[in-house]
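Visitor: According to UniProt numbering, the sequence shown is numbered sequentially starting from 1.
Note that the Cβ used here is the ideal one computed from N, Cα and C, for glycine as well.
Every value quoted in this text rests on a predicted model; they were computed, and no experiment measured them.
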Amino acid sequence: MTSLTRSSEEYRSVSMRRSFNKRSSWGDDQRRKKKVGYDTCDHSDDRILQQDMPPALQRVEGSSKLLEESSYSLKHDPYSVPARKKLIDGARGILQGTSALLLCFDESEVRKIIRICRKVNDYVAVSEVIESMADLQQFVKDISPVLHDVTNDVNLRQQELTHQVHREILIRCLDSIKTIAPVLICSMKTSIELGTPIHVKDMLKPWPIETL
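(1) Do Leu-74 and Leu-87 have their C-beta atoms closer together than 8 Å?
(2) Can you list, in chain order, the residues of its chain with a C-beta nearer than 8 Å to that of Gly-93? Leave out the 5 residues immediately preceding and following it.
(3) Kindly indicate which three-state DSSP category Glu-193 falls into: helix, strand or coil?
(4) For the alpha helix (DSSP H) holding His-148, just list the boundary residues, first then last.
(5) Ends of the alpha helix (DSSP H) at Val-120?
(6) Measure the C-alpha to C-alpha separation of Val-165 and Leu-156 and round it to an integer number of angstroms.
(7) According to DSSP, simplified to helix, strand and coil, what is Pro-52?
(8) Who are the Cβ neighbours of Met-188 in its own chain at under 7 Å, not counting the five residues just before and after it?
(9) Check whether the region 107-123 and the region 139-148 are in contact - that is, three or more C-beta pairs closer than 8 Å.
(10) Quick one: what does DSSP say Ser-44 is sitting in, helix, strand or coil?
Structure (structure tokens):
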């Protein structure tokens, strides 16, 4: 029976090894997240993201060090006031820094969608000067992939939202795009065949693309 039980020294040794392994694993996880964050900055063409993300990454990194230091100190002195303060500050910094990182990335994704929407608007503006079927065919060829991108990105976006009202707004926008885009093409074709001008802006007044 005695051989199956551990002495207090053995328990302490096992506990320290487990704690060290957990800290090592947790530290490795934080380093991986840091690398992903900086890689995102380096490969992004979003200047706002490149400006806002590094401070958030540095805050997470600094807070991680506080947690590691507090873990080591509390292991030797569970009642250490400075260690407890580091623990609290580190945990708070991790939460706030992680929230800042997620917000930076989220806002960057929104800006990406807005850029695509503006590209669609630019194409739509060209539609009023198209006078031949050849021009119309090229217009459809050019605008189709852009419309596909905007509908796909907005659809993915609405699936991520937790606010029901905002989700419904984006869904209505998607429905409007799917309805009005074919009508626009047909109207342009009719306009070319009849030789009458088409007022695209009046047609697209119900198109809420500016709200995306």
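Guide: Taking the definition as stated:
(1) Contact: yes.
(2) Arg-59, Val-60, Gly-62, Ser-63, Leu-66
(3) helix
(4) 133-160
(5) Val-120 -> alpha helix (DSSP H) spans 81-126.
(6) 16 Å
(7) The sequence shown places Asp at residue 52, not Pro. In this structure, Asp-52 counts as helix in the three-state DSSP scheme.
(8) These residues qualify, in order along the chain: Ser-127, Ile-130, Leu-136, Ile-198.
(9) yes
(10) coil
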